[in-house]
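Protein chains: 2
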Amino acid sequence: MTTANTKIKKHNFSAGPSILPQEVMQKAGKAVIELDNIGLSLLEISHRSKEFISIMEKARLLVKELLGVPENYQVLFLQGGASLGFYFTPMNFLKEGGKAAYLKTGEWATKAAKEAALVGKTEIVASSEDKNFNYIPKGYSIPNDADYFHITSNNTIFGTQLKTFPESPVPVICDMSSDIFSRKVDPSKFAMIYAGAQKNIGPAGATIYIVNPDLLGKTGRKIPSMLDLQVHIKGESMYNTPPVFAVYCCMLMLEWLKKTGGVEEIEKINRQKADLLYHEIDSNPLFKGTTERTDRSDMNVTFVLLNELLKDDFDKMWKEAGISGLPGHRSVGGYRASLYNALPLESVELLASVMKEFSQKKG
Amino acid sequence: MTTANTKIKKHNFSAGPSILPQEVMQKAGKAVIELDNIGLSLLEISHRSKEFISIMEKARLLVKELLGVPENYQVLFLQGGASLGFYFTPMNFLKEGGKAAYLKTGEWATKAAKEAALVGKTEIVASSEDKNFNYIPKGYSIPNDADYFHITSNNTIFGTQLKTFPESPVPVICDMSSDIFSRKVDPSKFAMIYAGAQKNIGPAGATIYIVNPDLLGKTGRKIPSMLDLQVHIKGESMYNTPPVFAVYCCMLMLEWLKKTGGVEEIEKINRQKADLLYHEIDSNPLFKGTTERTDRSDMNVTFVLLNELLKDDFDKMWKEAGISGLPGHRSVGGYRASLYNALPLESVELLASVMKEFSQKKG
């Protein structure tokens, strides 16, 4: 490993799988070749080995420590992505004959509600579909008789984010895939938080569940083993073979976050990155943001060129600057800069300066 | 990467996750640091990038080529392990009001049948539970009215293997987790083959499905998206973010297998490894095998010491020889040597010679 490897080669704004800290990738690459001088690769050890049990335990404890998870809550690293989480949710929390409430703020929120509708009755309490999900609905009321209220804290595709969490008369379940660990939240306010790893936690292949176990086992439904959170809790996240490599990377990423100062510190840096980029978008005559200002995401900054004819020139310019992963999702168009935890401030400074320079040339 | 890294440090007989070829681990470790000189790690690229689409495509094609999969069959790399496959199976193939037939040859076969019973009617056509699963039942008949017949080709825990596949009047579905790619099979004889990667295909975190799509969509059941094989086929194995790293390693492993001479060649080597070890067990007065001779697995060789008092001495001896992963599963006891594709003949020769030497000392 030369030091040349540790500097940034590309400024990676990818929406996920996304940038991880260089030191995480270096350590993970090394462990694939040999784990901690044990004479074996991370890939070939049993998940029941003392080495892996300690990795899994450390990862789970770091989640608890960094987010301030209540003592009795359980942390799991499972497979299937948040997409399988959409189905885990009603299977474990929607009672037979009960009802679930959903806030429809984007594509993933819509998919979550759709999977729940296969299990029982669902109610969409509010939606921002009327304006292509460019804002977060407000002023809605959550039905008292719902088994839970499901929200998506950050909408990766549309670039909006819940800045505060609703007071709810019923348990709240949150898909936090694209902003978990990016800002302080109070996990005790949630019945469950779940999140695909491949944005702020690690590589693709692991999904975190943070669960209040007191609320489980009440649906009156026979749940298949692999979809039963109680089974996974009893198995200490190893009911079946876990995604060993992905969990190891999550552990490294959480260690990095702790060293960086934890969630409180990263939130400040994330705010700084987002402010810098939104300021450039707002002050630059060639660009505009696509979302309501009050609901702007600190994680996924979506913007467009006012003059589409300039697209090829702008694309050429940011690519030449060593930037990657900037094109927006097809349902929004334009650009999306994802500013996840591992993206350094200097990458955002570079993007802002490229935009400024572009405006000076073309404006 | 020094050449020192490429020689075997430990002789790894682990039952899974298990040994992978040294060159696979070297290449995978390198890609985690940087993929093919693109300036980005494998972990931080989008699964929709041209780089990853080509990795997924290559992996799927290699499966088809190496196993001789019929043209119209589909190959998927999904998450959840074979344990989620136990539930995928009835959800996609067990018709509403229909029936599924199961052959109960071990722990995983039992779990597969249990998950199916949550979906519909199941019938156990035969079981070897009476003798702690130390043989494969024969002479049973498969009901004509079953929607499918489910078998487990190799029983990792108990060390038995189906040497031939049953002629069946109904579609056959096979959990091939612990012997896929180890010997020639005819995939056209199966409605579906599925297998957790972490034995013969790659690391933990990916599961292969080889499916005849003509048999899908006939259950009359609304299937949740993430459990619907038709959804995953339509999404070309990327309906949601796939386990990027695990799929990449599978591709490397399949490339290695192709270079090694393919399934036909590896089958010869596997047979040689198994013959060598079973010969030692049968001729050594201190040991005996735990399974019926006709049903012995070429992948997982289970054996015990006739005199349990010698255990500590034998354990000391193989550990000192650089052997790891030899203890048997708690439900069988004794020892289990897993001889998956990546385990070199020299590791088996070493184990046999340790056993011989032990017998000369203690016999």
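Protein chains in written order, with numbering that gives the first Met the number 0: chain A, 0 to 362; chain B, 0 to 362.
Backbone N, C-alpha and C define an ideal beta-carbon position, used for all residues, glycine too.
Bear in mind that the values here come from a model prediction, so they are computed numbers and not experimental data.
Which residue marks the beginning of the alpha helix (DSSP H) containing residue i, and which one marks its end?
| i | result |
| --- | --- |
| A/N91 | G80 to F92 |
| A/A273 | G261 to S282 |
| A/V353 | L344 to K361 |
| A/A58 | K49 to L66 |
| B/I232 | L228 to K233 |
Is there a C-beta anywhere in chain B that falls below 9 Å from the one on residue i?
| i | result |
| --- | --- |
| A/F244 | yes |
| A/L226 | yes |
| A/T2 | Caution is warranted here: a pLDDT of 38 is assigned to A/T2, below 50, making its placement in the model unreliable, and no coordinate value can be reported. |
Could you list which residues in chain A have their beta carbon closer than 7 Å to that of residue i, in chain order?
| i | result |
| --- | --- |
| B/G332 | Result: empty, since nearest Cβ-Cβ is about 16 Å, beyond 7 Å. |
Of all Cβ atoms in chain A, is any one closer than 9 Å to the Cβ of residue i?
| i | result |
| --- | --- |
| B/M175 | no |
| B/I200 | no |
| B/E33 | yes |
| B/F85 | yes |
| B/I268 | no |
| B/G204 | yes |
| B/E345 | no |
| B/M24 | yes |
| B/E319 | no |
Could you tell me which residues DSSP pairs with residue i in its beta bridges?
| i | result |
| --- | --- |
| B/D35 | Per DSSP, none; premise fails for B/D35. |
| A/D174 | A/T151 and A/Y193 |
| B/F286 | B/L304 |
| A/S337 | A/N299 |
| A/I322 | A/H10 |
| A/L102 | A/A125 |
| B/Q160 | B/N153 |
Starting from residue i and walking both ways along the beta strand (DSSP E), at which residues does that stretch end?
| i | result |
| --- | --- |
| B/G195 | M191 to G195 |
| A/V210 | T206 to V210 |
| A/T121 | K120 to S126 |
| A/I76 | The displayed chain sequence assigns Phe, not Ile, to residue 76 of chain A. A/F76 -> beta strand (DSSP E) spans Q73 to L77. |
Kindly list, in the order they appear in chain B, the residues whose Cβ is closer than 7 Å to that of residue i.
| i | result |
| --- | --- |
| A/G363 | An answer regarding residue 363 of chain A cannot be provided, because it is not within the stretch 0 to 362 covered by chain A. |
| A/N239 | G80 and S82 |
| A/G195 | T240 |
| A/P223 | Y86, E114 and L117 |
Strictly below 8 Å CB to CB, what residues from chain A border residue i?
| i | result |
| --- | --- |
| B/A27 | V31 and L42 |
| B/L39 | K8, K9, N11 and S323 |
For a contact meaning CB atoms closer than 9 Å, what does residue i contact in chain B?
| i | result |
| --- | --- |
| A/C249 | Per Cβ cutoff of 9 Å: no residues; A/C249 is ~11 Å from chain B at best. |
Which residues in chain A have a C-beta closer than 9 Å to the C-beta of residue i? List them in chain order.
| i | result |
| --- | --- |
| B/S53 | Correct list: empty, because the minimum Cβ distance to chain A is about 16 Å. |
When every heavy atom of the ligand NAD is checked, does at least one fall within less than 8 Å of the C-beta of residue i?
| i | result |
| --- | --- |
| A/K9 | Ligands displayed in this structure: none; no statement on the ligand NAD is therefore possible. |
Query raised in the report: Between the stretch 7-21 of chain A and chain B, which residues of the former have a C-beta closer than 8 Å to a C-beta of the latter?
Result: So the close ones are K8, K9, N11, S13, A14, G15, P16, S17, I18 and L19.
Query raised in the report: Got a sec: which bits of the stretch 111-131 of chain B sit with their beta carbon under 9 Å from any beta carbon on chain A, in order along the chain?
Result: If the cut-off is 9 Å between Cβ atoms, the stretch 111-131 of chain B has K113, E114, L117 and V118 near chain A.
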